[in-house]
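S.K.: Heads up: the sequence shown begins at 34 in the numbering used here, then just goes up one per residue. Glycine residues also receive a C-beta, built at the ideal position from the N, C-alpha and C atoms.
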Amino acid sequence: MDCVFCRILNGEIPSYKVFENDDVLAILDISQATRGHTLIIAKKHYKNLYDIDAALAGNVFSVVPKIANAIKKAFNPIGMNVVVNTEKPLQTVFHFHIHLIPRYPNDGVDIDFINNAGNTPREAYVEAAARIRDNL
Numbered sequence: 034m035d036c037v038f039c040r041i042l043n044g045e046i047p048s049y050k051v052f053e054n055d056d057v058l059a060i061l062d063i064s065q066a067t068r069g070h071t072l073i074i075a076k077k078h079y080k081n082l083y084d085i086d087a088a089l090a091g092n093v094f095s096v097v098p099k100i101a102n103a104i105k106k107a108f109n110p111i112g113m114n115v116v117v118n119t120e121k122p123l124q125t126v127f128h129f130h131i132h133l134i135p136r137y138p139n140d141g142v143d144i145d146f147i148n149n150a151g152n153t154p155r156e157a158y159v160e161a162a163a164r165i166r167d168n169l
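1) Answer yes or no: do leucine 58 and isoleucine 74 have a C-beta to C-beta separation smaller than 8 Å?
2) On the DSSP letters alone, give me the boundaries of the beta strand (DSSP E) that arginine 136 sits inside.
3) Could you pull out every residue in the same chain whose Cβ sits closer than 7 Å to the Cβ of lysine 76, ignoring the five residues on either side in sequence?
4) Counting only runs that start and end within the stretch 39-112, where is the alpha helix (DSSP H) found for 4 or more residues in a row?
5) Could you name the residues of the same chain whose beta carbon sits closer than 8 Å to that of valine 71, not counting the 5 residues immediately before and after it, in chain order?
6) Pick from Asp143, Ala107, Val117, Ile111: whose alpha carbon is nearest that of isoleucine 85?
7) Would you kindly work out how many angstroms separate the C-alpha atoms of asparagine 92 and tyrosine 79, rounded to a whole number?
8) Can you determine whether any heavy atom of the ligand SAH sits closer than 7 Å to the C-beta of glycine 69, and answer yes or no?
9) Could you tell me the boundaries of the alpha helix (DSSP H) in which glutamine 167 lies?
10) Under 8 Å, do histidine 128 and cysteine 36 count as touching if we go by C-beta distance?
11) Just the Cα atoms here: how many angstroms apart are tyrosine 137 and alanine 107?
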């Protein structure tokens with residue numbers, strides 16, 4: 034398996050470590066979309082959010098507030114995006130990880146949601162909620 038995160042975890046590729054415990058390694062993202070952009074990586078290889086063990090996912094997500102607050106204290110961003118890309122086109126490393134992207138004025142990062150509330154009838158919400166519930 035040629036997984037860049039597994040290679041980092043095995044010490045084959047250097048990284049800028051921020052935090053580590055038994056289940057998690059947090060490192061600076063090499064791309065630095067913004068200053069302090071950090072990846073929280075599950076040590077055990079799972080492809081993505083669809084595949085990860087629920088208990089491990091809980092452990093990985095549990096360090097998000099700790100690291101987000103450290104980033105806040107270190108760099109004083111105006112906000113933070115927490116992102117998990119699952120499958121293409123946005124997931125480029127197929128090893129479960131969470132992006133913490135600190136936000137700054139005019140930082141050039143564009144994560145914008147379209148508001149379809151005015152175009153979505155009540156029945157569509159009811160149907161969508163039922164379909165999700167039926168698949169739990």
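M.R.: Taking the coordinates as given:
1) Position 25 of the sequence shown, counting from 1, holds the residue named residue 58. Position 41 of the sequence shown, counting from 1, holds the residue named residue 74. The Cβ atoms of leucine 58 and isoleucine 74 sit closer than 8 Å to each other.
2) Residue 136 sits at position 103 when you count from the first residue of the sequence shown. DSSP places arginine 136 inside the beta strand (DSSP E), whose first and last residues are 130-136.
3) For the purposes of this step, residue 76 is identified with residue 43 of the sequence shown, where counting begins at 1. Taking C-beta separations shorter than 7 Å and ignoring five residues to either side along the sequence, the partners of lysine 76 in its chain run Leu42, Asp56, Val57, Leu58, following chain order.
4) The DSSP assignment places 87-95, 97-108 as complete runs of the alpha helix (DSSP H) inside the stretch 39-112, in order along the chain (cut-off: 4 residues).
5) As a first step, residue 71 must be located in the sequence shown, where it is residue number 38. A quick correction: the sequence has threonine, not valine, at residue 71. In chain order, Val51, Ala59, Ile60, Leu61, Asp62, Ile100, Ile104, His132, Leu133 place their CB closer than 8 Å to the CB of threonine 71, counting only its own chain and leaving out the 5 sequence neighbours on each side.
6) In the sequence shown, the residue the question calls residue 85 occupies position 52. In terms of CA proximity to isoleucine 85, Val117 leads the group Asp143, Ala107, Val117, Ile111.
7) Here residue 92 refers to the residue found at position 59 of the sequence shown. Here residue 79 refers to the residue found at position 46 of the sequence shown. Here the C-alpha atom of asparagine 92 lies approximately 14 Å from the C-alpha atom of tyrosine 79.
8) Absence of the ligand SAH from the depicted structure is noted, as is the absence of any ligand whatsoever, leaving it without description.
9) Mapped onto the sequence shown, residue 167 falls at position 134. Reading off the sequence, residue 167 comes out as aspartate, not glutamine. In the DSSP assignment, aspartate 167 falls within the unbroken alpha helix (DSSP H) covering 155-167.
10) For the purposes of this step, residue 128 is taken as residue 95 along the sequence shown, with counting starting at 1. For the purposes of this step, residue 36 is taken as residue 3 along the sequence shown, with counting starting at 1. Yes, these two residues count as a Cβ contact at 8 Å.
11) Taking the first residue of the sequence shown as position 1, residue 137 is located at position 104. Taking the first residue of the sequence shown as position 1, residue 107 is located at position 74. Rounded to the nearest angstrom, the gap between the Cα atoms of tyrosine 137 and alanine 107 is 13 Å.
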